[in-house]
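Participant: Pasting a structure below so you can have a look.
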Amino acid sequence: MNRATALAGALLLALSPTLAAQELLIRNATVHTAGAQGTLKNADVLVSGGKIRAVGTGLAAPAGVQTVDAQGRPVTPALFGGITEIGLEEVSGERATVDESLALGANAKDMVVRPEFDVTLAYNPESVLVPVARVEGIGWTLLGAGAAAGGSIVAGQGGVVRFDGSAEPMGKRALFVQLGSDAAELTGNSRAAQWMILDQLIDEVNGRIPVGSHVALLTPAGRDTLKRYLDGGGRVFVDIDRASDIRQLLKWSKDKGVKVAIVGGAESWKLASDLAAAKVPVFVDPLANLPSSFDEIGASLDTAAKLRAAGVEVSFAQSGDGSHNARKVRQLAGNAVANGLPWEDGLKGLTSVPAEALGVGDQIGRIAPGQRADLVLWTGDPLEVTTVAAQVWLDGRAIPMRSRQTELRDRYLRTAIPAEQGGLPRAYPAGDTR
């Protein structure tokens, strides 16, 4: 079903002219709460003041509330878009529009480690990529800092942003570190040196290496930033794949008292029980099942299922371009489900699991009283690629289901959209038969 049909027919939203109203009652929905209540059939969701006030059956409609009949269709929390650069880049090939990485040194001997580098300072909530992701049911993302040639294995910090137009990130920052063969060139072509450097950084934070020493890698601000993570003030996201490297990471994080999460984790299933015991969440790409390096020899389609069966909290992140194709994160979850992951865990991997891992689970990620009313009404199973988001609400406000991509599509439709409805001029003359 296409989005236009979904909006015109399946929804029948009975929307009043006040699309931005925050008083909302969604009736007769299959509500996937991604929380303790599980899935509720023929249920209602009451929204007031931008928050979810009640979830249940036969809820009373307050006077003047906008009512939407879901007709049994699924309602979920707005989805997590993965770890992306949405709002940090517009055109990947145009360096002037890319802000997610820092490169100050030419090679390993010039390495400058700047954990205080914070990509959220460059976030542009008016990026054209925001509505492109939003109309697909994506309500929030983790902005990631990327390692670059001339940079360091400690890429910098990112944070959670919601696609509600706000420029302010929510929750604590996350620190990004890249380890393994992909980062070897940043550490003298040896992964062993990566642990040496990480240990030195901690020695600097603890004052064992004086500020200003000729061997110091951190600025005073960098020391303060790393100390916050050593004190539990945020989670360190480590891009890592090989089982032996993951084993070393678990030992290192336990010794140093650092909360970590794994990104990628192609061979993480080999250490599933250890990861579960250490309460380390894993952000996997279930489609990355063919090894692209020697670190990924053990890559498997059922990695997510094996991890979850052992008790690991599983979420999703694309190994490719997750910024321009954030919508594909649903496909990742769907493929994980097709290869053994329980459906509810597939949805939680796009909602409550990443929210909890990032420390924002008290605000987003579930449909429950007190949560932000970030909701999506779907035309069918949200983990199926043929399903589309019929309507998205953020803080209870219905967002326009339009993006630059839909506007370009509409411009070339045979039936022109009237200008008063926001349509663009026709690309072809009205009589053109192409």
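Read left to right, the sequence shown gives residues -20 to -1, 1 to 414 (mature numbering (1 follows the signal peptide of the UniProt record, and there is no 0)). Note that beta-carbon positions come from the ideal geometry of N, C-alpha and C, so glycine has one too.
#1: Span of the beta strand (DSSP E) holding Arg142?
#2: Rounded to the nearest angstrom, how far is the Cβ of Val262 from that of Leu255, given a contact under 8 Å?
#3: Between which two residues does the beta strand (DSSP E) containing Ala50 stretch?
#4: Pick out whichever of Gly139, Glu148, Gly126 has its Cα sitting closest to the Cα of Ala163.
#5: Report all residues from its chain with a CB closer than 7 Å to the CB of Val238; omit the five preceding and five following residues, and keep chain order.
#6: What span of residues does the alpha helix (DSSP H) with Lys236 cover, start to end?
#7: Which two residues bound the contiguous beta strand (DSSP E) that contains Ala34?
#8: My parser needs the beta strand (DSSP E) runs of 3 or more residues fully inside the segment 119 to 204; what are they?
#9: Taking Ala58 as part of the beta strand (DSSP E), name the residues at either end of that continuous run.
#10: Under 8 Å Cβ to Cβ from Val260, same chain only, skipping five residues before and after it: list those, please.
#11: State buried or exposed for Tyr103, treating a residue as buried only when at least 16 other CB atoms are found within 10 Å of its CB.
#12: Does the beta-carbon of Gln401 have 16 or more other beta-carbons within 10 angstroms, so that it is buried, or is it exposed?
#13: With DSSP as the reference, label residue 422 as helix, strand or coil.
#14: Taking Gly212 as the reference, which of Asp265, Arg94, Arg53, Ala154 has the closest Cα?
#15: Which residues mark the beginning and the end of the alpha helix (DSSP H) in which Val110 is found?
#16: Under a three-way DSSP split, which group does Val292 fall into?
#17: Check each candidate in Val356, Gln2, Gly326, Glu165 and name the one with the smallest Cα separation from Val381.
#18: Would you mind giving the Cβ-Cβ distance between Ala318 and Glu116, rounded to the nearest angstrom? I have them listed as a contact below 8 Å.
#19: With DSSP collapsed to three states, give me the class of Ser332.
#20: For Gln311, which three-state DSSP category applies?
#21: Using alpha carbons as the reference points, say which of Gly192, Ala9, Asp179, Val309 lies closest to Pro266.
#22: Comparing alpha-carbon positions, which option in Ala43, Ala41, Val141 lies nearest Gly62?
#23: How about Ala113 and Val55: do their beta carbons lie closer than 8 Å?
#24: Have a look at the DSSP bridge pairing and note the partners of Thr13.
#25: Between Lys328 and the rest of its own chain, which residues show a CB-CB distance below 7 Å, the 5 nearest in sequence each way excluded?
Facilitator: Concretely, from the data shown:
#1: Here residue 142 refers to the residue found at position 162 when the sequence shown is read from its first residue. Run containing Arg142: 134 to 142, per the beta strand (DSSP E) assignment.
#2: By one-based count along the sequence shown, residue 262 stands at place 282. By one-based count along the sequence shown, residue 255 stands at place 275. With 8 Å as the limit, Val262 and Leu255 qualify as a contact, their Cβ atoms being about 6 Å apart.
#3: For this step, residue 50 is matched to residue 70 along the sequence shown. Neither: Ala50 is in no beta strand (DSSP E) and is coded neither H nor E.
#4: By 1-based counting over the sequence shown, the position of residue 163 is 183. Taking each of Gly139, Glu148, Gly126 in turn and checking the Cα distance to Ala163, the smallest one comes out for Gly126.
#5: Position 258 of the sequence shown, counting from 1, holds the residue named residue 238. For Val238, the CB contacts under 7 Å within the same chain, skipping 5 residues up- and downstream, are Tyr209, Leu210, Val216 in chain order.
#6: As a position in the sequence shown, residue 236 is number 256, starting the count at 1. Segment 223 to 236, the alpha helix (DSSP H) holding Lys236.
#7: One-based indexing of the sequence shown puts residue 34 at position 54. Boundaries of the beta strand (DSSP E) around Ala34: 31 to 36.
#8: Qualifying beta strand (DSSP E) stretches, in chain order: 134 to 142, 150 to 158.
#9: Within the sequence shown, numbered from 1, the residue matching residue 58 stands at position 78. Here Ala58 belongs to no beta strand (DSSP E), and DSSP marks it neither H nor E.
#10: Position 280 of the sequence shown, counted from the start, is the residue given in the question as residue 260. So the list reads Leu230, Ser233, Val240, Ala241, Ile242, Val292, once near-sequence residues are dropped.
#11: By one-based count along the sequence shown, residue 103 stands at place 123. Answer is buried; the Cβ neighbour count reaches 16.
#12: Translated into positions along the sequence shown, residue 401 becomes position 421. Exposed, by the Cβ-count rule.
#13: Residue 422 is absent from the model: the chain starts at -20 and stops at 414.
#14: Taking the sequence shown and counting its residues from 1, one reaches residue 212 at position 232. Across the set Asp265, Arg94, Arg53, Ala154, the C-alpha of Ala154 shows the shortest separation from the C-alpha of Gly212.
#15: Counting from 1 along the sequence shown, the entry for residue 110 is found at position 130. Its alpha helix (DSSP H) spans residues 109 to 114.
#16: Counting from one through the sequence shown, the residue named residue 292 turns up at place 312. Residue state, collapsed to three classes: coil.
#17: For this step, residue 381 is matched to residue 401 along the sequence shown. In the sequence as displayed, the identity of residue 381 is Met instead of Val. With distances taken between Cα atoms, Met381 lies closest to Val356.
#18: To locate residue 318, count along the sequence shown from 1; it is residue 338. To locate residue 116, count along the sequence shown from 1; it is residue 136. No, Ala318 and Glu116 are not in contact; Cβ-Cβ is about 20 Å, not under 8 Å.
#19: Within the sequence shown, residue 332 is the residue found at index 352, counting from 1. In the three-state DSSP reduction, Ser332 falls in the helix class (H, G or I).
#20: Indexing the sequence shown from 1 puts residue 311 at position 331. Here Gln311 sits in helix by DSSP.
#21: Here residue 266 refers to the residue found at position 286 of the sequence shown. The candidate whose alpha carbon is nearest that of Pro266 is Val309.
#22: Working through the sequence shown from its first residue, we reach residue 62 at position 82. With respect to the C-alpha of Gly62, the residue from Ala43, Ala41, Val141 having the closest C-alpha is Val141.
#23: Translated into the one-based positions of the sequence shown, residue 113 becomes position 133. Translated into the one-based positions of the sequence shown, residue 55 becomes position 75. No.
#24: For the purposes of this step, residue 13 is taken as residue 33 along the sequence shown, with counting starting at 1. Looking at the DSSP assignment, Thr13 forms no beta bridge with any residue, so it has no partner.
#25: Walking along the sequence shown from the start, residue 328 turns up at place 348. Correct list, in chain order: Ala14.
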